Structure formats: structure tokens, C-alpha cells
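Here is the structure we will look at, set down as C-alpha cells.
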Amino acid sequence: MVNTTTAQNNLKVIILAAGSKVIGPNAGPMVLQTLGEHKILDYVVRNAQQLVAPEDITIVVGQHAADIQAHLGNEFNYVTQAEPLGTGHAVLQLHPYLQDFQGDLLILYGDTPLFRGASIRGLLKRHTLRKADLTLLAAVVKGEYAYGRIIRDSNGRIMDIIEAGEASTAVQAIRELNVGAYVVKATAIFPALKALTPSPHDGEYRLTDSVYQLIRSGLVVESYQTYDEDEIQGINTASDLAKAEFILEKRLYRPRHNAGQQHVKFGTGGWRAVIGEGFTLTNVRRLCQALANEITRLGQEKQGVIIGYDRRFLADRSAEAAAEVFAGNNIKATILIEDAPTPLITYATDLENSAYGLAFTASHNPPEWNGLKVFHGDGSLLLDDETRQIEDETNAMSINDVVRIDLDVGLAAGIIQRKDYTNAYVDAVEALIDMDAIRQANLRVIVDPMYGVGQLTLGIILTEARCRVTFIHERRNPLFGGRSPAPDLEALRILSTYVVEEKFDLGLATDGDADRIAIVDEQGKYISTNDILLLLYYYLHEIRGERGGVVRNLATTHLLDRLATLFGETSYEVPVGFKHIAAGMVEHNALLGGESSGGLTIRGHILGKDGIFAAALIIEMLARTGKTIAQLREEVYKLTGQLYSVEENMPATPDMRVLIPKRVVETNITHIGDHKVERISQMDGIKFYLENDNWLLLRFSGTEPVLRLFAEADTAVKARELLDYLKQFVLVT
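Per the working numbering, residue -7 is the first one in the sequence shown, and the count goes up by one each step.
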């Protein structure tokens, strides 16, 4: 039975799913084949449900009616087309139920699942604004598709649609196609359908022929154009299904593809988005409501949340907006009194055993970005399955679902408070550092916090350790001097110059939220994080006498493996993302955990990377050993030998994210040049393991449209050759 009442928006949706095509003898109807994580028909129904309630959706079914209804359930209307007499005949089956309906009908095909919601909304809006009787979805394409060609007159008005199989060579050359979605006045379409005659080519009553009928009757026929050729892929064969699967996979990786829908998406280090596009206070509130919902479900309201922020634009306002949402859900919210390093926020979360800790930051991303890192009560980042749940709940939520109270009301009631954890955090760092040894060393240190939040806490620690410390780029600047606050080689040239000219013992740098570190040695030479981790593991194990393994991500040097083996310890490899480092350290009670991008921590400290603590530990290492960085590197290399690392970034397209892994699976790669491939891992990206701890890695960034290439080998020349192989592998793909 079809619901005949008029919907609030005067719209009903018809989905044509009466086709009898199947892929194989036991495969069932085409519309119920699996595409991605759902059935083909599910995507079409989902688009319809974004516009109207289920009772205003009618699915026209045929010989597979029972299967389709069993899959979709009974909340929708179903009308049976007893004989397969064409799409026009299928729509006409609804006339007995909708003969009094005065609104519009949106007609979709059940085997064309890839239309974006924005395209359907654009079709409807144009139909309304142009006061059309019928508006069809069109596309101007480069490829060949079996869709009807749109015929226009010299003024651009639609005159007819000619099906591809009946078109002359000249008509087939037309690139504007009618791609299978219509919005039409019910009072216009049913008379036109009743007047249809069977096509002389196949005997069917075609919906497209009604367009000509409407034009001939003097009614207004318009079009709305989609510009994404992928959207129009229909599915009639197994080959079509494979193409649609490929398109769906590409969409998962398209940069900012969810911006228009304001979706929240977590990467390896939290949620990040461009300010004003994805990062908005509305999205902050929706995300915090999802977090508040989880706290409420778990009964953790009394544990409250810790909320901190760095110096980025809107970070402080976002912290206040978050507090208002948590308070509105009867959850105590503590906001830090000033901008602070992420590790300090992590420490405060652990100290208070809060339900969650929130740090509003985009870390080392460019200044136009902002974001949010979310921590457990022990200070560890949320794992992938947890962030997926929070994403799904956030993205299913409207702003009307958010419960909040005003900041001043929350502060007056005490459900929101401001608090300072600076001294407590500094004390916790200093408790793990030999401050007396540093005081006796009389070291001269220069620090570049890169306009971020590292100055206050690190300045207190170094001053109390009696270091002669100088800061550059320490003032607040949300533009970070016009560049990303990432402490890489290029960004630290000024720091290197100061170290050499002013004869400092060490140059230190932290990124925007001070959870990453970089150093410049006494000669002004940039020291990679791989070497920092190697030196600190050696120092902790051999000088401080601590025992335990090391956890590194798969893009970090294998020299740590060699050193661990020499110590009789184990090196554990995990995916990229410090949440995996922290989980590995807990699981194996490891001594040190770190990643080549600049983050590290040790056992007994927070379960997050900490650039402030790492800086203090490096200075302690220099003080206690009485050696320079260069001398310590030489000492450790005598034990481990030396490996040379190179890395490079390439722009990544959605196609590459799909094609490259498939090519690895399909290609039996046994050698790279003259080097035997011992094994291949796709734990995170694609990693080739060669002999003697040599390796190559292709990995797509979790936060940017970038493909990261890494190689480590016995010589710098060999490392470069391996990286060049990776680049050729990518280019061939």
C-alpha cells in the first residue's frame, strides 16, 4: 500500500527496482549485490531517506519482490510491476495510489547508486527555482556510457532524449547525457505516461519518451548538471559492479570530500580540518555531544573532562564551546587557564583520571588548520574503533541534538571551572630528570618553539636547571610566521645559524603544540629523530641502567632493532600513530617508545608524546655523559653500524590509494633491483623488508592528500636508489 498523504515538503520518491538482471545463476537480483559495505539498492534508498520519511518512499519491484522487501523491511511502500514493460510502465503503476497527489515525484533507478546527496538536492532546488514541470539530471562526459543523449535547440532548450542504442553516429557524438534521475510534477507525468506507446525498438514503455510528450504539451523541462562523472556509473554487469567498487573506494580517500556535509573524520592524530570549512564551532559542539553521550552511557559524568588548547585561531573559543556542551550534559568541564602544550593536557587528564581529555590543536599542520586530540583517562589517544564510533555518532547528529548551557552560567554554577596545571606538570617532568646533573653542566641552550606553546613550561624547567637559555620565535602568532609549525630541517635553518654563531651547546625546537621535538647539535647540524631515539635508548639502558624493550612505528629506523638485540631486549613494530606506540608500551612494559616524525615518551611518564620532556631528557644526557651529540652518535654507531634514511612526499590522488595496494597484491615482487624481498607487510601502507635491516615503505597520510615514501639502507646511495624504485612503482601505477 502506498502512502497517499502529502509529505511536508510535497515530495515523494519512487525507486525503480523491478529489473530482473542477475550476475550469476544463484546471485539474486542485481540491486541486492554487495557494493562496499552495503547492497546496491541501499545507497539509492539512503539518498531518498535524506529527503523524505520512509512512508513517502515507494519501491517498484518485479519478480524479485520478496527478496527486496525482506532486505529493506516493511517501513517502505512497495508496488509490483507484474510484467517488465519498461520504466514508464513501472512509474505508471503508482497512478492508482497517487492520482490525488499534487506534489513532485523524485524518480531514481535502483541500479544507479553513486549519485551524491548534493546532486539530488541540486536537482530538486533547480526544479523548484525554475518552476519546471520536469527536471532531469544531466552530465557532460568524456567516457562512453549507454545513456540517452540530450537534444537541445539553438537556444539551449531540451527538445528530446534519444537512447544510445538508437542514436545515429552524429547523435552519439553528443556528450550531454540523461543519467537517470528525474523530479517531475505528479499532475504532469501521469497523463504523459498514459499517452505513451510502445517503443518500436524493444516494445517497452519508456520513461524517457515522456519527456518528449511533456515538451510537445508545452510544459517546462529543465536539467541540472552533475560534474562528477563517477556519479553516473550504473550497474548492469559484473564489470560495472567492479567499476562502482573502485569509485566507492576512491571516495573514501578524496581530500575534503565530506566538507560540504560537515562530516568529522579522525586521522592518525585526532580530528583536523581547515578552519571555516570542516573545523567550525558547530562541528566542535556536535563532536563534543557525541563524546558526552559516551560518557553518559558509561556513567562517568563525575570524572569530568579536561579541556586545553594551543595558540591556533579559534582554539580558545573551541575549548569554551566544548565546555558548554559537557556542562549542558551534567558533566564537569575543566578548562586550562591559558594555552598549553598537548603533553601538559595529557598529564592533567591522567592526573585527574578524567573521562576524556581534549586538546584543541592541529599540531604541526599549516596555520589555516585546527583540530582536536581526544585522550582516555590514562592519557592515551582513542583507538581506531573508538574514533569510528564517535565519528558515526557525530555525523548522524544535527546541531539541534546538542545540549549546552552558556559559559557564564556554567562558571557560576561550578560545573565549568578554570584551572592551572603548569606547576604540577613541570614537577612531574623534573621528577624524571636529573636536575642536579644539568645544574652542574652549565650548558648553553637555544630553543625555537616555532610560535607555539612550548616556551613557558620548557623555559621553567631549563631555568630551574640553571641552563643559559635563549628563546627565538616565542611570541604568540596564530599564523606561525607564515609556515607550518613543523620542526624540520628547512624550518630550523635560523636556529642552526644561531647555534654556530653564538656557540650554543644545543639547539632545541618543538612543534606547534609541543608534543614533537627536533634538535640541532653543537655544529649546527640537524639531527634526525631516528638518531635521537637511538641515542636516548642507549642512554636510558646503558647510562641510567634501565631495562626494557623499545616500541617504534614502521617508518622508524631499524637501528633500534639492532641496539635492542645487543641489549638482549626486543624492538616492537606498530602502525603509525602514537596511540599504537602507547598501546605497545603498555602491552610490553617497554622502556622507550617513539616515531621518526618527532614524538617519544618513556616508561613511567605520560602515554603520549612529549616534546617538553624529551628536550629535558636530551639535556640530561649531555650533562651526565659530558659528551656532545656528535660524540654520542659515533659511540652508538660503533655498536650498531649505520643505516641511512631518506624520505619524500608526493601528492596522492584517490585513484592511487586504490590502485597501488591492488598492484602489490597482483604483482609477485621477489626482488627490488638486485635485492631480495624477504617479506611484504600491509599493516599500515606497504612495507618491503630486505636483507640486513634495509626496507622501503609507501604510506598514505591519514590527514593530508600525500603519499609518503621512506627507505633505509646500508649506504646513502642505496637508500636513494630504493626510494627511486618506490617513485617509479608509483608512477607506473
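Idealized CB from N, CA, C, for every residue including glycine.
Keep in mind it's a predicted model, so treat the numbers as computed, not measured.
- In the three-state reduction of the DSSP assignment, T288 falls in the helix class, which pools H, G and I.
- Residue state for S346 is assigned as coil, using DSSP reduced to three classes.
- With respect to A347, I408 sits apart: the two C-beta atoms are not nearer than 7 Å.
- With a cutoff of 7 Å on beta-carbon distance, Y531 and V628 are scored as not near each other.
- Secondary structure remark: continuous beta strand (DSSP E) runs of at least 3 residues inside the segment 22 to 86, in chain order: 49 to 53, 69 to 72.
- Between T338 and I511, the C-beta gap is not smaller than 7 Å, which leaves the two residues out of contact.
- Rounded to whole angstroms, the separation of the alpha carbons of E196 and V52 is 16 Å.
- In the three-state scheme derived from DSSP, where H, G and I count as helix and E and B as strand, H572 is classed as helix.
- By the C-beta density criterion, Q205 is buried, having at least 16 other C-beta atoms within 10 angstroms.
- The beta carbon of T659 is closer than 8 Å to none in its chain, skipping five residues each way along the sequence.
- V439 and L129 have their C-alpha atoms spaced approximately 59 Å apart.
- Three or more Cβ pairs closer than 8 Å define a contact, and the segment 313 to 327 meets that threshold against the segment 271 to 287.
- Sequence-distant partners of A9 (beyond 5 residues in either direction) whose C-beta falls short of 7 Å from its own C-beta, in its chain, are V23, L33, I51, V52, V53, I60, G102.
- Comparing alpha-carbon positions, the option among T386, V213, G157 lying closest to V176 turns out to be V213.
- H667 is bridged by DSSP to I664.
- The three-state secondary structure of P359, taken from DSSP, is coil.
- Here L481 is not near Y443, since their CB atoms are 7 Å or more apart.
- By the Cβ rule, the segment 318 to 329 does not count as touching the segment 421 to 440, because fewer than three pairs are nearer than 8 Å.
- Here the C-alpha atom of G603 lies approximately 9 Å from the C-alpha atom of A501.
- Of the candidates V461, L526, D503, the residue whose Cα lies closest to the Cα of E494 is V461.
- Beta-bridge analysis with DSSP links M642 to L699.
- Looking at the backbone, the Cα of E269 and that of L375 are separated by about 25 Å.
- Residue state for Y301 is assigned as strand, using DSSP reduced to three classes.
- Its chain contains R700, L701, F702 as the residues whose beta carbon lies nearer than 7 Å to that of E639, once the 5 sequence neighbours on both sides are disregarded; these appear in chain order.
- Taking 7 Å as the cut-off, the beta carbon of G140 is found closer than this to the beta carbon of I153.
- By a beta-carbon distance limit of 8 Å, S390 does not contact G261. Their separation comes to about 27 Å.
- When secondary structure is reduced to three states using DSSP, K601 falls in the coil class, being assigned neither helix nor strand.
- By the neighbour-count definition (other C-beta atoms within 10 Å, threshold 16), L558 is an exposed residue.
- Within the same chain, and ignoring the five residues on either side of I207 in sequence, the residues whose Cβ sits closer than 6 Å to its Cβ are V213.
- Residue environment: H465 is assigned as buried (16 or more neighbouring CB atoms within 10 Å of its CB, all protein chains considered).
- Cβ-Cβ distances below 7 Å link A478 to H356, D503 in the same chain, with the five nearest sequence neighbours on each side left out; the list follows chain order.
- Distance from the Cα of A156 is smallest, within the candidate group I142, I150, G148, for I142.
- A contact is defined here as three or more CB-CB pairs under 8 Å, and the segment 422 to 434 meets this definition with respect to the segment 607 to 615.
- Taken through DSSP and simplified to helix, strand or coil, A230 comes out as helix.
- The continuous alpha helix (DSSP H) containing Y629 extends over residues 621 to 632.
- With a cutoff of 7 Å on beta-carbon distance, A180 and D125 are scored as near each other.
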